[in-house]
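See below for the structure under consideration.
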Amino acid sequence: QKEVEQDPGPLSVPEGAIVSLNCTYSNSAFQYFMWYRQYSRKGPELLMYTYSSGNKEDGRFTAQVDKSSKYISLFIRDSQPSDSATYLCATDSGGGADGLTFGKGTHLIIQP
Amino acid sequence: DSGVTQTPKHLITATGQRVTLRCSPRSGDLSVYWYQQSLDQGLQFLIQYYNGEERAKGNILERFSAQQFPDLHSELNLSSLELGDSALYFCASSATPRAGDSPLHFGNGTRLTVT
Chain A
1 QKEVEQDPGP
11 LSVPEGAIVS
21 LNCTYSNSAF
31 QYFMWYRQYS
41 RKGPELLMYT
51 YSSGNKEDGR
61 FTAQVDKSSK
71 YISLFIRDSQ
81 PSDSATYLCA
91 TDSGGGADGL
101 TFGKGTHLII
111 QP
Chain B
113 DSGVTQTPKH
123 LITATGQRVT
133 LRCSPRSGDL
143 SVYWYQQSLD
153 QGLQFLIQYY
163 NGEERAKGNI
173 LERFSAQQFP
183 DLHSELNLSS
193 LELGDSALYF
203 CASSATPRAG
213 DSPLHFGNGT
223 RLTVT
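Protein sequence lines, in the order shown, are assigned to chains A and B. With my numbering applied, the first sequence corresponds to residues 1 to 112, in that order. With my numbering applied, the second sequence corresponds to residues 113 to 227, in that order.
Following this line, the structure appears as structure tokens:
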């Protein structure tokens, strides 16, 4: 079982819809959870950075972590065509010395 | 703009050759991470340096090596290149030695094509 699992999509939704992106992880020691957005031929851009369980909101974006079920989510409200990108979830190494562990990313398409 | 600068943006070279990728971290960041991104493997952690010292190793091949200099810029050296080394190579930086304690900020990568 991979440490971080993410549906690759593509996920296609109409403009203005609420988007839900999800990841599951296997190691209960993970404490830090991040969401990155990556446009084609660009580097990943940090969207949300959270610690432990709970919700964090930033503008149209809400990150949610449920450590009991090892499930992390990113919600995008009032989605825009400019939100079309690949979204990557990431976790820390749970106290180990490795870099962040990334999901493979979900390709999101917002249809105008 | 993340503040992380990577050069060159593109690199085309032949099998068996050696290349050097360069990264300048964000101002004030002491940690530098190198990642490889391919279509089938996603982002794979290669190696991390903190304040000039190697701190963590991931899935880095023996043909690859890296270093971080006193001015904190880092270089990733790839040698005896194979077709399968073609990928995007990203550098990221952060303020703390442990991944996750502070967020990682990525550069726009170097696209390596081995022919």
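Where is the CB? At the ideal position from N, CA and C, for every residue including glycine.
Legend entry - Where the beta strand (DSSP E) containing Glu15(A) begins and where it ends: That residue, Glu15(A), is in no beta strand (DSSP E); it is neither H nor E in DSSP.
Legend entry - Amino acids of chain A, ordered along the chain, whose beta-carbon sits closer than 9 Å to that of Tyr145(B): Gly99 and Leu100
Inset, instruction - Output the residue ranges of the beta strand (DSSP E) runs that lie fully inside the region 53-92 of chain A and measure 3 residues or longer, sorted by chain position. - result: 54-58, 61-66, 71-76 and 85-91
Legend entry - Integer-rounded CB distance, given that Val144(B) should sit under 8 Å from Gln228(B): Nothing can be reported for residue 228(B), as the shown portion of chain B is limited to 113 through 227.
Legend entry - Three-state class that DSSP yields for Gly196(B) in the structure shown: helix
Inset, instruction - Spatial neighbours of Glu187(B) within its chain, please: CB distance less than 7 Å, with the 5 preceding and 5 following residues excluded, ordered by chain position. - result: Thr132, Leu133, Arg134, Ala178 and Gln179
Inset, instruction - State yes or no: is the beta carbon of Ala90(A) nearer than 9 Å to at least one beta carbon in chain B? - result: yes
Inset, instruction - Compare the C-alpha of Tyr201(B) against each of Leu216(B), Gly140(B), Thr225(B) and Asp213(B) and name the closest. - result: Thr225(B)
Legend entry - Reduced DSSP secondary structure (H/G/I, E/B, other) of Leu188(B): strand
Legend entry - Residue range of the beta strand (DSSP E) that includes Arg223(B): Thr222 to Val226
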